[in-house]
Structure formats: structure tokens, C-alpha cells
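Trainee:
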Amino acid sequence: MFQRLSDPMRKTVSFRFEGREIEAREGDSVAAALLAAGVDSLKDAPVSGAARGPYCMMGVCFECLVEIDGAGHQQACLAPVRAGMDVRRQPAARDVGAAVEGDGR
Amino acid sequence: MASDFIIIGGGLVGSALSHGLLKAGATVTILDEGDLAFRASRGNFGLVWVQSKGDGMAEYAQWSRQSSDLWVEFAQALGEESGINVGHHRPGGLELCLEPEEYEAYETSIKRMHNQGGVGDNDRRMISGDEVRAMEPNVGPEVIGASFCPHDGIVNPLLTLRALHRIAAERGVDYRADHRVERIHTDGGGFRVVTRRGTFSAAKVILAAGNGSAALGADVGLTIPVGPERGHIIVTERTRPLFNHVLGQVRQTDEGTVMLGATKESVGFDTGFNPAMIQKIASNAVRKIPALKGLRMIRSWSALRIMSPDGFPVYQESDEHPGAYSISCHSGVTLAAAHAMALAPKLLEPGFNAHFAAFSPRRFDVPKTE
Amino acid sequence: MSTEIDVVVIGTGPAGMAAASAAAGAGASVAVLDEQSEPGGQIYRAVESVERRRPADLSFLGEAYAHGAKVAGAFRAVRTDYRPGATVWHIGARSKGGRRDVVLSRSGVAETLSARHVVIATGALERPVPIPGWTLPGVMTVGAVQSALKSSGIYPSGRLVLAGSGPLMLQLAAQLIAAHVAIAAIVDTTPPGGLARAFFHLPQALIGGETLLKGLKLRRTVLRSGVPIHAGASHLAAHGEGRLSSLSFTSAGVDYHLDADVVALHEGVIPNTQLSRLVNAEHRWDDVQRCFHPVTDQWGETSEPGIYVAGDGGGIAGALAAERSGRITGLAIARRLGLLADSARDLVAEEQRLRRFVDGAIRGFLDRYYPAPDWIGQVADDVVLCRCEEVTAGRLREAMAHGCSGPNQAKAFLRCGMGPCQGRMCANSVTEVMAAQSGSVPDEVGSFRIRPPAKPVTLAEVASLDVG
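Protein chains in written order, with the working numbering: chain X, 3 to 107; chain Y, 1301 to 1670; chain B, 55 to 522.
1. Check each candidate in B/471, B/380, B/230 and name the one with the smallest Cα separation from residue 115 of chain B.
2. CB-CB under 8 Å to residue 1336 of chain Y, same chain, minus the five flanking residues each way: which ones, in chain order?
3. Can you list, in chain order, the residues of its chain whose CB lies under 6 Å from that of residue 279 of chain B, leaving out five sequence neighbours each side?
4. For residue 172 of chain B and residue 97 of chain B, what's the separation of their Cα atoms in angstroms?
5. Rounded to the nearest angstrom, what separates residue 235 of chain B and residue 210 of chain B at their Cα positions?
6. Work out the CA separation of residue 155 of chain B and residue 287 of chain B for me, nearest whole Å.
7. Determine the DSSP secondary structure at residue 1635 of chain Y, reduced to helix, strand or coil.
8. Can you check whether the CB of residue 1586 of chain Y is closer than 8 Å to the CB of residue 1580 of chain Y?
9. Might you give, ordered along the chain, the residues of its own chain that have their beta carbon closer than 7 Å to the beta carbon of residue 91 of chain B, omitting 5 neighbours on each side?
10. Is DSSP giving residue 1630 of chain Y helix, strand or coil here?
11. Going by beta carbon distance, what residues of the same chain come within less than 6 Å of residue 1682 of chain Y, once the five residues before and after it are set aside?
12. Under 8 Å: do the segment 68–84 of chain B and the segment 1651–1666 of chain Y share three or more Cβ pairs, one atom per stretch?
13. Grab the span of the beta strand (DSSP E) containing residue 1552 of chain Y for me, first residue to last.
14. In chain B, which residues lie less than 7 Å from residue 22 of chain X when you measure between Cβ atoms?
15. Residue 1366 of chain Y: which of Y/1544, Y/1634, Y/1459 sits nearest, CA to CA?
16. Would you please verify whether the beta carbon of residue 1662 of chain Y is less than 8 Å from any beta carbon of chain B?
17. Between the segment 184–192 of chain B and the segment 388–396 of chain B, do three or more beta carbon pairs fall short of 8 Å?
18. Compare the C-beta of residue 171 of chain B with all C-beta atoms of chain Y and state if any pair is closer than 8 Å.
19. Please classify residue 1564 of chain Y as buried or exposed, where buried requires at least 16 neighbouring CB atoms within 10 angstroms.
20. Which runs of the alpha helix (DSSP H) spanning at least 4 residues fall entirely within the segment 236–261 of chain B, listed in chain order?
21. Residues of chain X with a CB under 8 Å from the CB of residue 1346 of chain Y: which are they?
22. On the DSSP letters alone, give me the boundaries of the alpha helix (DSSP H) that residue 175 of chain B sits inside.
23. Within 8 Å of any Cβ in chain X, is that where the Cβ of residue 452 of chain B sits?
24. Determine, using beta carbons only, whether residue 1317 of chain Y comes closer than 8 Å to chain B.
25. Taking residue 70 of chain X as the reference, which of X/55, X/84, X/89, X/105 has the closest Cα?
26. Can you give me the C-alpha to C-alpha distance between residue 1379 of chain Y and residue 486 of chain B, rounded to a whole angstrom?
27. Give me the chain X residues within the contact set of residue 1541 of chain Y, using Cβ-Cβ distance strictly less than 9 Å, ordered along the chain.
28. What's the call for residue 93 of chain B, buried or exposed, on a 16-neighbour Cβ count within 10 Å?
29. Going by the C-beta, is residue 1304 of chain Y closer than 7 Å to any heavy atom of the ligand FMN?
30. How would you write the range of the beta strand (DSSP E) that residue 1671 of chain Y sits in, first residue to last?
31. Just tell me which of Y/1646, Y/1600, Y/1568 has its CA closest to the CA of residue 1743 of chain Y.
32. Check whether the Cβ of residue 89 of chain B lies closer than 8 Å to any Cβ atom in chain X.
33. Would you mind reading off the limits of the alpha helix (DSSP H) that contains residue 1387 of chain Y?
34. Ignoring anything shorter than 3 residues, give me the beta strand (DSSP E) runs that lie fully in the segment 306–373 of chain B, in order along the chain.
35. Rounded to whole angstroms, what is the Cα-Cα separation between residue 423 of chain B and residue 84 of chain X?
36. Residues in the segment 73–97 of chain X with C-beta within 9 Å of chain Y's C-beta atoms, listed in sequence order?
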């Protein structure tokens, strides 16, 4: 539930979040842009999978973790928006490599 | 009230021994250190590892194998009694090779062990890079081969310790944290163990304090030739399951984090951080498993292995003061089952040194010249 | 192979900028590292961007904030090796030659600097406020709302409740009111009787008269705004399914349950000790501010030779005091490098100390008027302490009953502090709960041992480190 102060001077920047087009402003952090777009939760808690959203907006809480252009564990509150970014929520466990069925852990 | 046994050290070795002694009907007091002790039990991979153990001592190859087999029963019993699932699996283990020298070294080791007799090579065999990748889709193209052993597995060492402690508490073990032992007095027939916070007496005493045992050995006529060998570990963030088997240096936990090792340094009792070691671990890991590249290292630490000169365990009863024992090894996880189920009962019988002759520190004595 | 430099300054808040300016101004070679893309730290976050792109916003962000532009300007005017977007993840032991390695990552590549002196100026963070439901999306800190306002010009538009106690909350309220942002309610947890508590510190506070007046002005703005204020509030709890929907609390003996879309919590700020702990500097618990801070001498040097802490990271005293503290440290380092005579250093340092005294004079008053919360040690069993690993206070107490005797054992027993935030969100609460439960003092309980990496870095970055 965030909105923008009216800001005619700032350039618009578009990126995608979970496939959805988001309109941001130059200089926004990814977290701020997503909050302004009505997105509450950026990641799932690692143990329970519960939805988590930004808490500190200064890079110490790690609740704003997202995947940007294929790279996971990015702190959205520290990442400036760039045109054409592909941003996705971070799942409880990182999604790297090939899936296996076995029991090596 | 005096216990039958005082065990100095409440880590995996001390707790496993205590567990076995309890089962045999003995009463036990465990004296443990505080929040900032060395604690090898906290700094390891949790591998229940058989392959490569005992190249040079057939008895150790057999002991490791026996323990791995006993672990199945041990894990179940711990689970039933403590309510804690210690996460023991035995899917088989792989040691990956990036360089021909590594591959050849493993191959040669297997041949040597095969010729040792007893359990021989414990069914360890070499496989090609393509075979590895067929077994493990996340192994990368730089891996040229690996050694595989079906008897290798893993367990959660912290949960194991917790289960052992919980059972101990419920069965009346007198567990004392923050009781660093300063001296052991031998008063004809028994032992008086002095700590900063009180003195404890028992008929028998076991030194199972890892790298802390050597200093106390002199008090009871025991020479304990073990010393610290540093290893660094990296732990990553959680990721989805990546492996079908257990990899020796890339070990995924049941939480999904990945632990990476393994380095060796001789730096005394220093658990500082060496960036060069961390760089080496990370570099090897991403060469072996390219999918790890983008994972974040969340934690790292170094811990001290308890190393004897040949890397094999040291078990002994004091000749000078019978009833004092020292039990030291660097494989406290692998050997926990054997320690609890096969070694502990022997602490209640005579002839300990004869039974465990192969593990006596006498093997390090320089032979007398004629 | 590492780049050799006289001084590495970590953090470009007021203390870092001032330290860098002072040392570089005296002729030292200074590398300045900060995670963000422009200087300012938190208190002056995005001040250059705001000045350049959204100058109209300065009208509600306030004079204090606008001062940051001057500090940033002075910083830019001095020659330093300024590297924005850099994350420090290791500070090494001191070599025989008196140098330390500082390992950083920037754009996915790791690099080592070799420094004679390191200034940790990473400031403060909001004291984590473990109320029930604090992990629900929509629950944030006052600092977070303020950050979003500063760096991106966004504000909470639904039902916003400010809940907590402290000058920063007052400042945010005044900023929002000036920007015509609706605040549904202020739930003030400041215990009643503030003036009585802080009375003996009033004379000293009057020395910092200007600040006191500014504070009174802010207070008047908020009181006159018509925003409902619930004073002396306690027993806060956030509720909702999947995200925040309401906040409950007790005030003046009445139970309330307010609908809320965003709750901004605040219970003061505490030093960010991640790097000072990483280097094993000695820390001490401050009973008034209820937090650990590194022990430093008059120049800001910690118990680790060559490592200094400047600004709020050494103890909360506010932005202006931070600036002075940075300057004092920068001068001290210049003296150590032989670039300044004792007399030159001392003259300026004296002046800075005096100003710092004036700027910080109000601190005693503020710390007692807005006391640190005393309830964290007693939070209910089902409250989450460690957000990353979802460890509750109850599980921590249970582990203590089973022999877990300190925060580092808690880590091993429960994974508390082992997640990506590396204990930043739970260390303070864990110490409070363990101290309360065991009846010992926080100095005895201690805190998590912090090891590298100081912030999570990718394995590829680590593998890329040149260790030759």
C-alpha cells in the first residue's frame, strides 16, 4: 500500500516482476518500485515458506530478497531499477541446478 | 554421589560413550566446557564415511565399516528414545576428481586396501566422469572421475548431539556445562576430577575432550599423541536438493544449505580465517558443481580436527592408573555408533588394551635399535 | 596481490564522509567503500539525488536532512578512491607490517585492499522490535518508511500506523504531515512521565538548545496535526493472514484493535556492530541504550589496533555528533600517518569535541525521555526472535533449559543467527532474552561471534579472489 508523490521530473523505467510489467522511476530501488506497484511480499521465509516483505529498507533484514535476471539473493532495497530487468520472488530454497529425486542430504 | 564413570568432554565422542555406558547399566557424569570451547562436534560435515578410511590399518577400515553398519540401528534407537530424527541416510558416497593425479591416488589407495585383507577396500571403486554425471546431473564437465563407496552416508551431527544429550538428561546422567577440568588426582583406586566449579569422584575416568585431552593425560599416565589440524568450511544459503548421493567435499544438509570443505593446515590452536583456504574451497566447489556459482556463502568458519600422526584413532587404558582411558579420533561422527555400541561395553570389561591393540599409541613408539 | 592504501573508510554516512574528508584533506590516501550507489548513509540517504532530481521534496524532508548535501559536497571535493556499490566482507588480522586486508566485492568481483587504518563508519540500525506478528508483510520500521520517502519519493497510502517511541518516529511523523501523507494513528509506547525521568538531564540538554527547540517544534507539528495519538501504549501485536491487517495494543487501560495496512515500528536505533564484532573488538553493553557498542578511545580506536569506529556505530549520538566524531578520527589517523603535527590535530580535535559535546548534549535527555524498551527479554514464547530461521523466544528458553548457555550455543542448537541476515535482526533480542532468563547481565551473556563473510557473497565471487 504505497504510492508515489507526484514527480513529473523523473524518467519512467519499466521492468518485469513475475512476468508483470511494472512502471518505476529512475532512481527507485527495486523494493520501492514494487511497494509502489502494490506488491507486499518479495520472498518466502526459508523454513515455513510464509510470505515475507521488506522490513528495514536499508539492507540489514534480508526480507526483500529477489532474483534479478537469473541471479538470486539480490537485496531489492539496494538494487536500483534498470529498464528491462526480469525480477522474480525468491523461493524458500534457491532454485539452482538440475532437480534430483535422490537422498544425498 | 559418585558416578561409575566421569567422562571429560560432552561432544560426539563423550556423549556416544556415555550413551553406551548407560545402556550397560553404568552411572555417568559428563564434564563439558562453555560457550566458546573448541567443539569439533560443531565444526564438521556430519559424514558417516567409510571410503578411504584405514589405508595403512586394516583394523580401522573394519572399524569404520562396522560403525557405518551399526549407524542404521543407532539412528533408529536415538530417534525412538529422544524423539529427534537425526537424519541418517546411507545413499553411498562420491569423492570427485578434477585432476588425473587425484584419480590415480585414489585408485592406488583402493589397490593397497584391497591387499590389506580383512574388509579390504570396503567396496570402494573408481568410476568415470560420464558415469558420475549419469549418477549426479549437477556434477560439471571438469570432473574426470570419482571414487564411489556404497557404505558412505550422512547424519546431522548437531541433532545427534542433541538427541544424545536429551536421552542422557532423561536417564539421569549428571551433565555439567561450563566445567572445564583443571586436574585429575589419582587417589588409590579412584579418580578425583577438579574443575573450577567443583570436584567430582569416580572409579573410572575417560578423557574424550578432543584436542583438550592431551593436556590432562599426564595426570593419569596417558600420552595422547593428537594435535590440531585446521579445516575451513563454507556454508551456503538454502537451495533445492542437488544430489542423489553424498559428495565428500560438497555436502548438502537436510535444511538445504550446502557445506563445502575440505582443507588442511597446521597452525596450532588457531581457528582464525584464511581467505586463501576459502578461495580454494569455493574455486574447487564451483568447478565440480557449476550450479553452485550463484549461491551465496552465508557463513564460514574453521575448526580443529583431532589428528594423530597417522590419522587413525587412539584408544588406550592407562597402565599406570587402570580405569583411566583416552578415546580420541577425528571421525567422531562416523564412529559414534561404534563408540556407543561396540567400544563402550569394553570399558566395563578387563583387557581393553588387548582388545584395541591396533589403536594403541604404542604404534608411534620409535622401535628400539638392537 | 592487493592495492595498498593508507586508510579504508567503510560507510558514507556523516561519520564516514567526515573521516574520509579529514584524512584525505591532510594528504592520506583514502579508499571509501559503501554499499549504496551514492553517499549519505541512512540519515542523508539519497540526498544528492533528491537535491538534483526532486528538490521540491526537501521542503518536507527537513533542514537536518538538507545539511547532508553540504557534507556530501565537502566529501566530493576531496580526493579519495570512492567506490560505491562495494560490500566489505572481510577485515583481516594485522600483519607484522601494521597492515590489514580488507576484502570487498563489487559488481560480482572480489578484491583485496591493504590498509594501515580502517574506519568502520557503518552507523546504526533500527532496534529490531519483536512483537507478535512482526514478520507479516506490511510491518516495517520507521526508518524503512523514511528511506522509501527519501530515496524513491514513495509513501504508505493506506492506513498507516506509526508504533513505537523515539525522536526518529517524531521526525517521520512531521515529515509525512508536511508532505500531506495521511497517518491513521500514532501508537506511542513512550512510558508516561518522560519529563520526570529526564529531568536531571534537562540542563545539559539546554546546551544543545537548538536541537531541543527543533524537537519541540516537531512535537508541536504532530500534536497540532489532528492525527490520533495513543500514549503510553504497550502489548503491541500485529495481526493478519499472509499480510498485515491490524494492530492491537493497550493504552490507558483500554485495549485497541486498529485496522492497518502498514505499521512502522520504532524503538530507537542501536549501533551496527557487525564489522566491529568481525574484527573481535571489545564491546560493552550500554544499560541506558540497551545495546552493545565497541569500546573506543578518545580518537575512536577500538581494542584492535588500527581499527576505528566513527559515528553512531560507536554509540548512538545522532548525525551531527557523528560528523564530529568522523572528523576527530580522520585527524587522529592523519597524525598517526605523520601527516599532521600533534598541535594541528589537537587544535581541530578540541573544537570538534566541543561541537560534538553540544550536538550530543541532548542525548542524555532523549535517552531518558524516550527510554529503551525494557520488555524484549520477556517477550511471549511464541514470538519469533530469529526471522531468518523462524526461531521463537520459547525455543530459545527451552534450549537454555537443556544446557544452552550463550548465544553461540543457541546458534548451534537452534540455527538462531545462521540465516542470511547473520544475526543482525536477532542478536540484540537474543542477548536480552538470555540475560532475562538466566538472571545474568548482558555483558556476561555476550553476543554472536561474527565471522567472515560480513555479508553474504556468491561462491563465484569468493573463487575470484586473488590470493597470490
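Built from N, CA and C at the ideal position, the CB exists for glycine as well.
Mentor: From the atom records:
1. B/230
2. Caution is warranted here: a pLDDT of 47 is assigned to residue 1336 of chain Y, below 50, making its placement in the model unreliable, and the coordinate value is therefore given only provisionally. Within the same chain, residue 1336 of chain Y has no close Cβ partners at all.
3. 231
4. 22 Å
5. 8 Å
6. 48 Å
7. coil
8. no
9. 138, 139
10. coil
11. Residue numbering for chain Y in the displayed model covers 1301 to 1670; residue 1682 of chain Y lies beyond these limits and cannot be assessed.
12. no
13. 1550–1552
14. Correct list: empty, because the minimum Cβ distance to chain B is about 17 Å.
15. Y/1634
16. no
17. no
18. no
19. exposed
20. 248–252, 256–261
21. Correct list: empty, because the minimum Cβ distance to chain X is about 10 Å.
22. Here residue 175 of chain B belongs to no alpha helix (DSSP H), and DSSP marks it neither H nor E.
23. no
24. no
25. X/89
26. 33 Å
27. 95, 101, 102, 103, 104, 105, 106, 107
28. buried
29. The model depicted lacks the ligand FMN and carries no ligand whatsoever.
30. Outside the modelled stretch of chain Y, which goes from 1301 to 1670, sits residue 1671 of chain Y, for which no answer is possible.
31. Residue 1743 of chain Y lies beyond the residue range present for chain Y, which begins at 1301 and ends at 1670; the question has no answer from this structure.
32. yes
33. Note, residue 1387 of chain Y: premise wrong, no alpha helix (DSSP H); not H, not E.
34. 308–313, 316–321, 323–325, 337–340, 345–348, 361–363
35. 44 Å
36. 73, 74, 75, 93, 94, 95, 96, 97
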